[in-house]
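Asker: One structure, as C-alpha cells, below. Some questions next.
Structure follows, in C-alpha cells:
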C-alpha cells in the first residue's frame, strides 16, 4: 500500500510540475524539423530552472535520503562491541552504499549526452543546436525510465524477494492444479456417506465370500 501511495504521488507530481511551464509560455514549437513543443535548449535561463526542478531536486532528494540512512546505520555500528555483529553491519553498510551510488551513477551517465549537447549549443551561441539533440536527449530519458525500476528491484532485497515469492507461488499453484486436478474432481461430494457406503459394500462382500 505504501508503494502504491508513492506511485500516485509521483504521478501527481509529474502532472503538476508541467503546469507552471505551460502558463509561463516556456514551451516553444521547435520548427518543422523537430515537430514537437518543448523548452528551447538555447534559452539557458529557462533550461537551467527546468533542469533543476525536473532533475536536480529528485536526484538530490534521493541522495540525501540514502546518505542519511547510511549515516544513521553507521552510527549504530560504532555502538556495537561484538566483532561478528560489527562485521555483519559493515557488510550491510557497503551494500547500502552501493544502493546509493548505483542509481545516482545511472542517472548521471544517462544525463551526459543531453548535457554535452547543451554545452555545445552554449559554445556556439548562435541560437541553433545539433539536429538530433532533442531526439537523443528524450531517448536517454526514456531509457532511464526503463533502467531505474529494474535497478531498484535488483538493489532492494525486499522487493526482489516478494517478486520471486509471488512467481514461485503462482508456479506451484499452477503445477498443483495441473497435476491434481483430476484427483480433486474424483473426490466425493459427501465424504461421510461415501465412507459408510464403502464400508457396507465391503461387509456384504466378505459375508458372501464366507458363505461360499
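Numbering (the UniProt record's numbering), first residue to last: 1 to 212.
Every residue, glycine too, gets a C-beta built ideally from N, C-alpha and C.
Which residue or residues does DSSP assign as beta-bridge partners of residue 38?
Answerer: Per DSSP, 28.
Asker: Determine contact between the stretch 149-156 and the stretch 91-102, defined as no fewer than three beta-carbon pairs at a distance below 8 angstroms.
Answerer: Cβ pair count under 8 angstroms is three or more, so yes.
Asker: Please return the same chain residues whose Cβ sits closer than 7 angstroms to the Cβ of residue 107, not counting the five positions on each side in sequence.
Answerer: Counting only Cβ-Cβ distances below 7 angstroms, and skipping sequence neighbours, we find 59 and 144.
Asker: Tell me the DSSP secondary structure of residue 152 in three-state form.
Answerer: Helix, per DSSP.
Asker: If you count every other CB in all the chains shown that lies within 10 Å of the CB of residue 20, and 16 or more means buried, which is it?
Answerer: With fewer than 16 Cβ atoms within 10 Å of its Cβ, residue 20 is classed as exposed.
Asker: Going straight from the alpha carbon of residue 129 to that of residue 47, what length do you get?
Answerer: Each residue's alpha carbon lies about 14 angstroms from the other.
Asker: Leaving out the 5 sequence neighbours to the left and right, which residues in its chain are closer than 8 angstroms to residue 121 when beta-carbon positions are compared?
Answerer: Excluding positions up to five away in sequence, the list reads 41, 42, 128, 129, 130 and 133.
Asker: In whole angstroms, what separates the C-alpha of residue 17 from that of residue 55?
Answerer: Those two C-alpha atoms are separated by around 12 angstroms.
Asker: Going by beta carbon distance, what residues of the same chain come within less than 7 angstroms of residue 44, once the five residues before and after it are set aside?
Answerer: Here the set comprises 122.
Asker: Is residue 52 near the ligand NAD, going by C-beta to nearest heavy atom under 7 angstroms?
Answerer: The ligand NAD is not part of this structure, which contains no ligands at all.
Asker: With a threshold of 7 angstroms on Cβ separation, who are the neighbours of residue 182 within its own chain once the five nearest residues in sequence on each side are excluded?
Answerer: With a pLDDT of 43 at residue 182, under the threshold of 50, the modelled position of that residue is not reliable, and no figure is offered here.
Asker: Taking the C-alpha atoms as reference points, what is the distance between residue 50 and residue 39?
Answerer: Whole-angstrom Cα-Cα distance: 8 angstroms.
Asker: Check whether the Cβ atoms of residue 104 and residue 63 lie closer than 8 angstroms to each other.
Answerer: Yes, they are a contact pair.
Asker: Name the residue from 30, 67, 202 and 115 whose alpha carbon lies nearest to the alpha carbon of residue 95.
Answerer: If we check each option's Cα against that of residue 95, 67 comes out closest.
Asker: Would DSSP call residue 59 helix, strand or coil?
Answerer: Of the three classes helix, strand and coil, the one that applies to residue 59 here is helix, per DSSP.
Asker: Can you find the residues in the same chain that come closer than 8 angstroms, C-beta to C-beta, to residue 14, ignoring five residues on each side of it along the sequence?
Answerer: Excluding residues within five positions, none has a Cβ falling inside 8 angstroms.
Asker: Output the distance between the C-alpha atoms of residue 69 and residue 124, rounded to the nearest integer angstrom.
Answerer: Each residue's alpha carbon lies about 43 angstroms from the other.
Asker: Assign residue 26 to buried or exposed, taking buried as 16 or more other Cβ atoms, counted over all protein chains shown, within 10 Å of its Cβ.
Answerer: When all chains shown are included, residue 26 counts as buried.
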